[in-house]
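Residue numbers (our numbering): 6 to 151.
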């Protein structure tokens, strides 16, 4: 796979910000001809930098399309379980993590577009050194959303 140059990166950033932008608008923003923009987009698609296009419907609130799970994590050693916390920070889908008192150690809130992604994250968390056990519950709805 080829690498991206500065213009490719600008082009991708503009497309991420507004996927409906016309080639004419892109050419003005990036200072290239419309034909050069079209050729670059075709190459980015062919080389796998652009893998597809998505349609988002509704009022634009992507959080309505997310699946939410709460994972209760039991660590081997509560006092030396910092590695687990540091590893959880690496998942962009982990939106909250609370250290708890009581039977379990952590409550981890995971939000993803697909339940299968949550299953993958659960498997990775369960396999982490320092994790003794997990329990996962899917949220059916969110009553209060800030």
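Ideal placement from N, C-alpha and C gives every residue a C-beta, glycine not left out.
Note that the structure is predicted; figures quoted are calculated from it, not measured.
Let me know the secondary structure DSSP gives residue i once reduced to three states.
| i | result |
| --- | --- |
| residue 114 | strand |
| residue 24 | coil |
| residue 80 | strand |
| residue 88 | helix |
| residue 49 | helix |
| residue 13 | helix |
| residue 132 | coil |
| residue 94 | coil |
| residue 31 | helix |
What separation, rounded to the nearest whole angstrom, lies between the Cα atoms of residue i and residue j?
| i | j | result |
| --- | --- | --- |
| residue 135 | residue 54 | 36 Å |
| residue 98 | residue 118 | 9 Å |
| residue 20 | residue 137 | 43 Å |
| residue 25 | residue 123 | 30 Å |
| residue 85 | residue 91 | 12 Å |
| residue 8 | residue 18 | 15 Å |
| residue 33 | residue 128 | 46 Å |
What do you reckon, are the CB atoms on residue i and residue j nearer than 8 Å?
| i | j | result |
| --- | --- | --- |
| residue 100 | residue 133 | no |
| residue 110 | residue 83 | yes |
| residue 115 | residue 74 | yes |
| residue 112 | residue 105 | yes |
| residue 16 | residue 48 | no |
Could you pull the DSSP bridge partners for residue i from this structure?
| i | result |
| --- | --- |
| residue 104 | 111 |
| residue 138 | 79 |
| residue 143 | 74 |
Say yes only if the C-beta of residue i is nearer than 7 Å to one or more non-hydrogen atoms of the ligand PLP, and no if none qualify.
| i | result |
| --- | --- |
| residue 47 | You won't find the ligand PLP in this model; it holds no ligand whatsoever. |
Touch test, the stretch 29-41 against the stretch 8-18, Cβ-Cβ under 8 Å, three pairs minimum:
yes
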